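The structure under discussion appears below in the form of structure tokens.
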Amino acid sequence: MNKILDLRFVIGLFFSVVALLLIGYSFTTDSVAAKNINRWCGITFIIFGVSMIILSFVKDADDELLEE
Amino acid sequence: MKLEIVDYLIIAIYFFFVIGIGFLLKRRVKTGNDFLMSNRSIPLWITSLAFISANLGAQEVLGMAASGAKYGLYTAHFYWLGAAFAMVFLGIYMMPFYYGSKARSVPEYLKLRFDEKTRTFNAITFAAMTVFSSGISLYALAMLMQVILGWDFHLSVWIAAGIVLIYTYLGGLTSAVYNEVLQFFLIVLGIAPLVYLGLQKAGGWEGIVANVDNAKLHLWKGMDSPAGNPMGVDAFAMVFGLGFVLAFGYWCTDFLVVQRAMISRNLNEARRTPIIAAVPKILMPLIVILPGIIILALQTQSAAFDLPLTESGQTNYNMVLPKLLEQLYPSGILGVGITALIASFMSGMAGNVTAFNTVWTFDIYQSHIKKNASEKHYLNVGKATTVVGILASIATAYVAQGFNSIMDLLQLVFGFVNAPLFATFFLGMFWRRTTGHAAFWGLIAGTASAALTHGLTVAEGKGGWIDNLHTFQSGTGQAFNIAWIAFVVCFVVTMVLSFVTKPKAKDELVGLVYSLTPRQTDPDKRWYKNPLWLGIIVLIATIVLNIIFY
């Protein structure tokens, strides 16, 4: 419960979910442009999202509201 | 523009997350202070991003792209001349008074420094302004969705307002601030690919230089006279009107943004909040202004990038971003782009509503209607005010739908009130002789002079409702000139009246006035924790940008 109150985790999760959608969609569309754009944006989003999630697991008592 | 299932899914996921944040934070809200002030417990990185995100509403995202197309790079003055300097000034000089005085709002600082009537004047105008701004955001969102996606106006209004109501009602200011940070990343990451694709299609910066009017690719060239640049502003009005009066007036006294710094955990973090926020702020033109310049280059390649006309037959620059989204984004990322636009509207709306309920509860209700009630009582008042604020925003959106010119008028009137406000704060904080009566009448005189200047001058067919003594090159030039005139009048009237009225005793002003407040000595010597060093770095970077794009 504590982890999902960490804003870094929430933001990371949001972008990871959106990234998976974009990447998944890139495999179903016929347009080459849509394929490339969605895939690259999806990859960028998932790198950002996972980085935020990892950051949320780095124990830093001063960084989050819930841990005070 | 037609959305597919994947786009709707992305919008739905966003709605799920913003509402979810409200539900998760609900259990933390137990008192009025938790709901309205976040109990002053928010970490620095969140307050900093919320600080600029509260300003990253619809007017910013759509409006700056529109100005980018209309005025070119001159629009960047709002960032590289206006925002950066004002944000650094707020962090270094003004935040110690706001935070150190333990005031819960900007109007409450005015009460401590001056008197109740000055506070009430500021609180009432600010509360009205936030509700109307929120309503305008809602109206603009619904109109945009109707025009570009064919969505029903009423459905957009009620869904957007309902979602903002749910997460602000449940989690209060903390929920709004958390969502603002999510919205910040969504806006940046949702629009950045658009800039990349647009630049690529336009042939990079070289393509822009080759295809866009050179007059729109400079910051300072042609500033010797209003006729010499597309913005129609001279250097004096730009530097004094925008760079000093309007920018400092907004960033240093508008409670909507200052509130984000005031909920920091300690004074040092409150001071660093606007300065750290200034770093992404000076990079923001890449996201919000560059698209407007890119579309100018793309229009030379294809008529598909031509902007539609308004009902009066003028180019509708507000359609810059929607047009780029339509032409450059395929389904999938289009859903992200549309969600980013929705996020910007909701962010602006939630920011206004949370600032409104704090000012209403603390500065109007507690001050004039019911003093000394329990924390639980103020929590309930804060929650009820949130509902009222949202309903008033919806009503405003419907008024705007029927009488668009009324909204223009209201924004204009609020501009008159805001313009002289910085003079009041500036004198109040740095000249201890300034009195409450002088501050109040100075504000009234400044506001009246702004209205009078508008009534005696004309720009783009607006103003001159008394007489036409002068015609400005552009509406922007008129606004900047009105601002500095109102500032000077407020400044002079306040000074003169301060000499003939009785000031507060010295011991009442400790912590409220610069000369009577002990200097902050930060025991931590690390440069990145020192607001002064951070401010210097931000200012150097800003000056370098001004030189590069001279």
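So the protein lines, in turn, are chains F and G. Everything in the first sequence is counted per the working numbering, starting at 59 for the first residue and increasing by one. Everything in the second sequence is counted per the working numbering, starting at 516 for the first residue and increasing by one. Yeah, the Cβ is synthetic: ideal placement off N, Cα and C, and Gly gets one too. Keep in mind it's a predicted model, so treat the numbers as computed, not measured.
Straight-line CA distance for residue i to residue j?
i: Pro823 (chain G); j: Ile853 (chain G); result: 19 Å
i: Ile754 (chain G); j: Gly743 (chain G); result: Checking the sequence, you will find Val at residue 754 (chain G) rather than Ile. Cα-Cα distance, rounded: 16 Å.
i: Pro611 (chain G); j: Asp982 (chain G); result: 45 Å
i: Ala855 (chain G); j: Ser616 (chain G); result: 37 Å
i: Trp956 (chain G); j: Tyr765 (chain G); result: 20 Å
i: Thr972 (chain G); j: His985 (chain G); result: 5 Å
i: Met579 (chain G); j: Leu1047 (chain G); result: 30 Å
i: Arg619 (chain G); j: Ser553 (chain G); result: 11 Å
i: His892 (chain G); j: Gly547 (chain G); result: 8 Å
i: Ser556 (chain G); j: Val1015 (chain G); result: 43 Å
i: Ala974 (chain G); j: Leu685 (chain G); result: 45 Å
i: Gln916 (chain G); j: Ile905 (chain G); result: 17 Å
i: Val1004 (chain G); j: Leu839 (chain G); result: 44 Å
i: Asp739 (chain G); j: Gly747 (chain G); result: 10 Å
i: Ala725 (chain G); j: Ser563 (chain G); result: 38 Å
i: Thr683 (chain G); j: Arg542 (chain G); result: 13 Å
i: Ile674 (chain G); j: Trp999 (chain G); result: 40 Å
i: Gly992 (chain G); j: Phe531 (chain G); result: 43 Å
i: Gly976 (chain G); j: Ile997 (chain G); result: 16 Å
i: Thr1100 (chain G); j: Trp595 (chain G); result: Within the shown structure, residues of chain G are numbered from 516 to 1065, placing residue 1100 (chain G) beyond reach of any answer.
i: Val874 (chain G); j: Ile639 (chain G); result: 8 Å
i: Glu695 (chain G); j: Ala569 (chain G); result: 7 Å
i: Pro745 (chain G); j: Ala994 (chain G); result: 15 Å
i: Ala77 (chain F); j: Asn833 (chain G); result: 29 Å
What do you get for residue i, buried or exposed, if any count of 16 or more other CB atoms within 10 angstroms of its CB means buried?
i: Ser827 (chain G); result: exposed
i: Val896 (chain G); result: buried
i: Ala910 (chain G); result: exposed
i: Phe937 (chain G); result: buried
i: Glu890 (chain G); result: exposed
i: Ala657 (chain G); result: buried
i: Leu123 (chain F); result: Because the pLDDT of Leu123 (chain F) is 44, which lies under 50, any placement of that residue in the model is unreliable, and the question is left without a value.
i: Thr825 (chain G); result: exposed
i: Ile561 (chain G); result: buried
i: His883 (chain G); result: exposed
i: Phe763 (chain G); result: buried
i: Gly677 (chain G); result: exposed
i: Trp980 (chain G); result: exposed
i: Ser671 (chain G); result: buried
i: Asn729 (chain G); result: exposed
If contacts are defined as beta-carbon pairs under 8 Å, then residue i and residue j qualify, I think. What distance do you get, rounded to the angstrom?
i: Ala717 (chain G); j: Ile804 (chain G); result: The pair is not a contact, with the Cβ atoms about 15 Å apart (cut-off 8 Å).
i: Leu680 (chain G); j: Thr901 (chain G); result: 7 Å
i: Ser1030 (chain G); j: Ala1001 (chain G); result: Wrong, their Cβ atoms sit about 26 Å apart, outside the cutoff.
i: Ile802 (chain G); j: Val710 (chain G); result: 6 Å
i: Lys898 (chain G); j: Phe538 (chain G); result: In fact, because the Cβ distance is near 15 Å, the residues do not count as touching under 8 Å.
i: Ala565 (chain G); j: Val692 (chain G); result: 4 Å
i: Ile154 (chain F); j: Pro845 (chain G); result: Residue 154 (chain F) falls outside the range modelled here, since chain F spans only 59 to 126, and no answer is possible.
i: Met1010 (chain G); j: Cys767 (chain G); result: Actually they do not touch by this definition, with Cβ atoms about 19 Å apart.
i: Gly597 (chain G); j: Pro806 (chain G); result: Not quite, the Cβ-Cβ distance comes to about 20 Å (not below 8 Å), so this is no contact.
i: Ala953 (chain G); j: Leu1024 (chain G); result: That belief does not hold up - the Cβ atoms of Ala953 (chain G) and Leu1024 (chain G) are roughly 14 Å apart, past 8 Å.
What would DSSP say about residue i, mapped onto helix, strand or coil?
i: Leu65 (chain F); result: helix
i: Ser740 (chain G); result: coil
i: Gly758 (chain G); result: helix
i: Thr962 (chain G); result: helix
i: Ile804 (chain G); result: coil
i: Lys838 (chain G); result: helix
i: Ile104 (chain F); result: helix
i: Thr768 (chain G); result: helix
i: Gly687 (chain G); result: helix
i: Ala119 (chain F); result: Annotation note: pLDDT 46 at Ala119 (chain F) (below 50); position unreliable, no value reported.
i: Leu942 (chain G); result: helix
i: Leu734 (chain G); result: coil
i: Gly957 (chain G); result: helix
i: Val973 (chain G); result: strand
i: Thr562 (chain G); result: helix
i: Gly82 (chain F); result: helix
i: Gly978 (chain G); result: strand
i: Glu126 (chain F); result: Reliability of the predicted coordinates at Glu126 (chain F) is poor, the pLDDT of 38 falling under 50, and no value is obtained from them.
i: Thr968 (chain G); result: helix
i: Leu849 (chain G); result: helix
i: Thr830 (chain G); result: strand
When you measure from the CB of residue i to every non-hydrogen atom of the ligand NAD, does any distance come out below 7 Å?
i: Leu958 (chain G); result: Of the ligands one can find in the structure shown there are none, so the ligand NAD has no counterpart to examine.
Segments of 3+ residues assigned as beta strand (DSSP E) that fall wholly inside the region 863-939 of chain G: Complete beta strand (DSSP E) runs here, min 3: none at all.
Uninterrupted beta strand (DSSP E) stretches inside the region 981-1047 of chain G (no shorter than 3 residues): Those beta strand (DSSP E) runs which fall completely within the region 981-1047 of chain G and span 3+ residues do not exist here.
Alpha helix (DSSP H) runs wholly inside the region 567-628 of chain G, at least 4 long, in chain order: List check, alpha helix (DSSP H) in window: 573-586, 599-604, 610-615, 621-628.
Uninterrupted alpha helix (DSSP H) stretches inside the region 646-731 of chain G (no shorter than 4 residues): List check, alpha helix (DSSP H) in window: 668-717, 719-726.
4-residue-minimum alpha helix (DSSP H) runs that sit fully inside the region 523-563 of chain G, ordered along the chain: Fully enclosed alpha helix (DSSP H) runs of 4 or longer: 547-552.
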